[in-house]
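Heads up, the sequence shown is in this note's numbering, so the first residue is 35 and it goes up one at a time. Report on one structure; see the data block that follows.
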Amino acid sequence: MTKRSRTFLLVVVRAAAALVAVVLVVAGFWSSWGTAQHVMLSKGRDHGRLTVTSCAADVCTGPFVPTGGSAPHAHVTIPDSVAARRGDRLPVVLKPGTDDAVRSGLAGLLYAWLPLAGALLLASLLVAGGLRMPRTAWVVGLLGAAAMASAFIAL
């Protein structure tokens with residue numbers, strides 16, 4: 035193999051690693067944004083407290099009492115992984131036009147960005163191994179790990 039072909043192969047491998055790392059981070063952002071938009075851009079949405087009364091399968095349900103001028107809802111659902119246990123009162127934001135709730139506050143914000151944190155952890159491996167950028171990989175990986183840890187602590 036000539037020096038020129040080795041150089042070309044190295045460039046192709048690094049470009050592929052960079053592409054996969056970027057796709058991972060973009061996919062993590064896109065996955066997170068579906069929930070995070072309701073927490074971050076909550077102006078004009080129904081805010082209130084959800085009292086968890088029952089949990090089954092993957093969701094918990096309960097009545098919603100608004101903090102603003104909106105109407106209360108008797109049956110609102112929230113993912114089971116976000117709800118703690120029966121009787122807990124959680125601050126939530128309702129998705130527009132539905133009875134689906136998203137946990138609000140710092141805990142809800144950190145939980146919403148959890149897929150991006152996981153993507154950052156995975157991308158750090160590609161940055162370290164494929165791109166040969168260990169310092170950048172450590173920063174990316176530690177950001178992802180810190181976001182994950184803080185989300186689980188906050189919940």
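The C-beta atom is built at its ideal place from N, Cα and C for all residues, glycine as well.
Between Val45 and Ala146, the C-beta spacing is not below 8 Å. Secondary structure note for Val126: its beta strand (DSSP E) is the uninterrupted segment 123-128.
Ranked by how close their Cα comes to the Cα of Arg79, the residues Gly142, Lys129, Gly164 have Lys129 in first place.
If you check the CB distance, Val110 and Asp133 come in under 8 Å. The DSSP assignment places no complete alpha helix (DSSP H) segment of no fewer than 4 residues inside the region 56-132. Each residue's CA atom was taken as its position, placing Asp92 and Val57 some 29 Å apart. For Arg166, the secondary structure class from DSSP, reduced to helix, strand or coil, is coil. The residue among Pro97, Thr69, Val60, Ala50 with its C-alpha nearest the C-alpha of Arg137 is Thr69. With respect to the 8 Å criterion, Leu124 and Leu154 are not classified as neighbours on the basis of their beta carbons. Straight across, the Cα-Cα distance linking Ala61 with Ala181 is about 17 Å. Cβ-Cβ distances below 6 Å link Cys94 to Val86, Ile112, Asp114, Ala117 in the same chain, with the five nearest sequence neighbours on each side left out; the list follows chain order. As DSSP reads the structure, Val46 sits in no beta bridge.
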